[in-house]
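Chemist:
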Amino acid sequence: MTLDALLRDWATRWGGYTAVLGGDTALSFAALDDAATRWAATLAGAGAGPGSRIALWGANQPAWLAAAFGVWRAGATLVPVSTFATERELGDIIAHADVDAMIVQPRMGQRDFAAMVRALPDGVRPRQVWPLASDGPRGRGPARAPADANDGEALACVLYTSGTTGQPKGVMLSHRAILATVPPTAERGGLAPGDVVLSTLPLFWVAGLVIRALPTLASGSALVLLETFSASAAVAALRAHRPTALHLRPPQVGQLLAHPDFEPSMLAPIRRGGGRVDWFAGHLDADRARFITGYGMTETAGYVTALDWRDAAAERASEIGTPLPGVELRIVAADGRACAAGETGEIRVRCPGLFSGYYKQAGTGLDDQGYFRTGDLGSVDAEGRFRFTGRSKDLLRVKGINVSPAEVENVLAAHADVEAAHVVGLPADGLDQEVVALIITRGGRALPEAELRAHAAANLSGYKRPSRYLAIDRDEVPLGATSKPQRATLARLAAARLERPESSRG
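The numbers in the sequence shown follow our numbering, run straight up by one, and end at 506.
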């Protein structure tokens, strides 16, 4: 089966049920299927098909899903682009992905996406660009979409994620890989036709698309999308749609609960969701609101392990679940041996949802037995319970998103007053970190913090930008045996400076 065939199946089973809502638009499963056909016909009429890469740049809305399924129906590969992307980041992704054509939401709030696309240099700007509109493609093309354009091994998506070198990595996911995780994720979530799910996870990342949106639709449930998150928009959605399930990120939950118009009764219908019930500060009952979470990544097409809505409340409060069907976990010590039960080591994964490699990049991160080396640390106890301990890769985790310190350092180092930049995450062992930049200025100049903030804002998505800047001297940078800066020691230095603000310069 392919994602295109999956939508056809949903339309047959639940045609009249609402599939997705957002803004003033609501699409039934049948309407979503029809919109996908119109997009596929438009794309095919312009020459897109198997082997074509179509970028999709837009916010969470029904039209995004219609266009995505249209790309798949045409047999092409979807390249989602983050709405956080700056002009530099947009150009890097479009060029690296060899994008043939693009579907773009013309504006999102104050951001003129259409103008940013037009500003791309010749040779990078796609030859064809269509506006993402709620009523579907303009210029409908042929009356019919191509039939049976896909096979299960065809590339469904190239999803871009941060890499340790500072360059974005294009993770290639086949239809087969995505469809290996969607049904078991849907089953463990416990949703059913008639449920209404409010999700704020961006569709352009694996969490929003493969962990939340597709399993929601695969359950016959309605997905409520917010174009951009605000506490007031979430309150309005709770009032208008009375969702029976929620999937918000922890900072968003705090903003929602603190909003003056929030009322605890708004959460009364909630029975399912993603995350932890305790994020809601006692407003949800763990036995009635059976939330799940899990462990996964882009390279595994979503969850590797996940809780089940039928698990006991105590387990759902602290565990991250058991492996999905077909998933094999190995815990490997630094010396390459298999870890004993309960011993912490690197998590390696072999699973049906495994990616097809990185686009235009040698190496897959697989060991000689086909296990993906996640770079994360964890353990499996004698009873088979999986524990996630932390990260060993040189990546930060900010608001649930991977951030490459090298990318941020490269941007900051381009400033004329910066001799070197070192970026760390605090707390060093946290699952959610603050980005801190330690700056060595040229010639001992004062730290140009305001200029650096403006420079970062022009070149980095908001979640990648340092929240704190500290000036350090060259001789304060600890070097390892290979003369590389030791980031862990730098993180301790930053933590000490921030505890004693008077000791920092600039």
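Where a beta carbon is used, it is the ideal one built from N, C-alpha and C, also for glycine. All of these numbers come straight from a predicted model, not from anything done at the bench.
My assumption, with CB atoms under 8 Å, is that residue 227 sits in contact with residue 59. Please give the rounded CB distance.
Modeler: Contact between residue 227 and residue 59 holds, since their C-beta atoms are separated by about 4 Å, short of 8 Å.
Chemist: Using three-state DSSP, classify residue 86 as helix, strand or coil.
Modeler: coil
Chemist: Three or more C-beta pairs closer than 8 Å, one from the segment 119-126 and one from the segment 70-83: is that the case here?
Modeler: By the criterion of at least three beta-carbon pairs nearer than 8 Å, the segment 119-126 is not in contact with the segment 70-83.
Chemist: Give a yes or no on contact between the segment 292-303 and the segment 252-263, applying the rule of three or more CB pairs nearer than 8 Å.
Modeler: Taking 8 Å as the limit for Cβ pairs, the verdict is that the segment 252-263 does not touch the segment 292-303.
Chemist: Could you please give me the residues that DSSP links to residue 130 through a beta bridge?
Modeler: 103
Chemist: Mind checking whether residue 402 and residue 161 have CB atoms under 8 Å apart?
Modeler: yes
Chemist: What is the rounded straight-line gap between the Cα of residue 272 and the Cα of residue 360?
Modeler: 40 Å
Chemist: So residue 408 is in the alpha helix (DSSP H); what residue range does that whole segment cover?
Modeler: 405-413
Chemist: Smallest Cα separation from residue 238: which of 95, 348 and 268?
Modeler: 268
Chemist: By Cβ distance, which residues of its chain are closer than 6 Å to residue 465, with the 5 residues on each side in sequence left out?
Modeler: For residue 465, where only same-chain residues beyond five positions count, the Cβ hits under 6 Å are 456.
Chemist: Would you mind working out which of 323, 321, 320 and 344 sits nearest residue 331, comparing C-alpha positions?
Modeler: 344
Chemist: Specify the secondary structure class of residue 463 as computed by DSSP and reduced to three states.
Modeler: helix
Chemist: Excluding five sequence neighbours on each side, which residues of the same chain lie with their C-beta closer than 8 Å to the C-beta of residue 108?
Modeler: 58, 59, 83, 227 and 228
Chemist: Here's the rule: buried if 16 or more other CB atoms are within 10 angstroms of the residue's CB, otherwise exposed. What is residue 169?
Modeler: buried
Chemist: May I have the straight-line CA-CA distance separating residue 505 from residue 413, to the nearest angstrom?
Modeler: At residue 505 the pLDDT is 36, less than 50, meaning the model places this residue with poor confidence; the figure from the coordinates comes in the next sentence. Cα-Cα distance, rounded: 18 Å.
Chemist: Keeping to the same chain, check which residues put their C-beta closer than 6 Å to that of residue 63; ignore five residues upstream and five downstream.
Modeler: 132 and 134
Chemist: Look up residue 214 in the DSSP assignment and say whether it is helix, strand or coil.
Modeler: The answer is helix: DSSP assigns residue 214 an H, G or I state.
Chemist: Is the segment 459-473 touching the segment 436-448 in the sense that three or more CB pairs, one from each, lie closer than 8 Å?
Modeler: Proximity of the segment 436-448 to the segment 459-473 meets the contact definition, three or more beta-carbon pairs being nearer than 8 Å.
Chemist: Compute the Euclidean distance between the alpha carbons of residue 20 and residue 27, then round it to the nearest angstrom.
Modeler: 5 Å
Chemist: Which residues in the same chain have their Cβ closer than 7 Å to the Cβ of residue 421, if we skip the five residues on either side of it in sequence?
Modeler: 409, 412, 413, 437 and 439
Chemist: For the candidate residues 286, 329 and 301, whose alpha-carbon lies nearest to that of residue 309?
Modeler: 286
Chemist: How far does the beta strand (DSSP E) with residue 247 in it reach, from first residue to last?
Modeler: 245-247
Chemist: For residue 277, does the three-state DSSP call read helix, strand or coil?
Modeler: helix
Chemist: Of the residues 374, 173, 225 and 197, which one's Cα is nearest the Cα of residue 25?
Modeler: 225
Chemist: Kindly give me the distance between the Cβ atoms of residue 371 and residue 181, rounded to whole angstroms, as I take these residues to be in contact under 8 Å.
Modeler: Their Cβ separation, rounded to whole angstroms, is 17 Å, which puts residue 371 and residue 181 out of contact at 8 Å.
Chemist: From residue 73 to residue 40, what distance separates their C-alpha atoms?
Modeler: 6 Å
Chemist: So is residue 479 buried or exposed if we call it buried at 16+ other beta carbons inside 10 Å?
Modeler: If you draw a 10 Å sphere on the C-beta of residue 479, you find fewer than 16 other C-beta atoms in it, and that means exposed.
Chemist: Which residue comes first and which comes last in the beta strand (DSSP E) that contains residue 374?
Modeler: 372-380
Chemist: Going by Cα to Cα distance, which pick from 467, 42 and 188 is closest to residue 101?
Modeler: Per the Cα distances, 42.
Chemist: When the Cα of residue 220 is compared with those of 18, 210, 207 and 184, which residue comes out closest?
Modeler: 18
Chemist: Whole angstroms is fine: what's the gap from residue 30's alpha carbon to residue 79's?
Modeler: 25 Å
Chemist: Fully enclosed by the segment 1-64, which beta strand (DSSP E) runs are 3 residues long or longer?
Modeler: 18-22, 25-28 and 53-57
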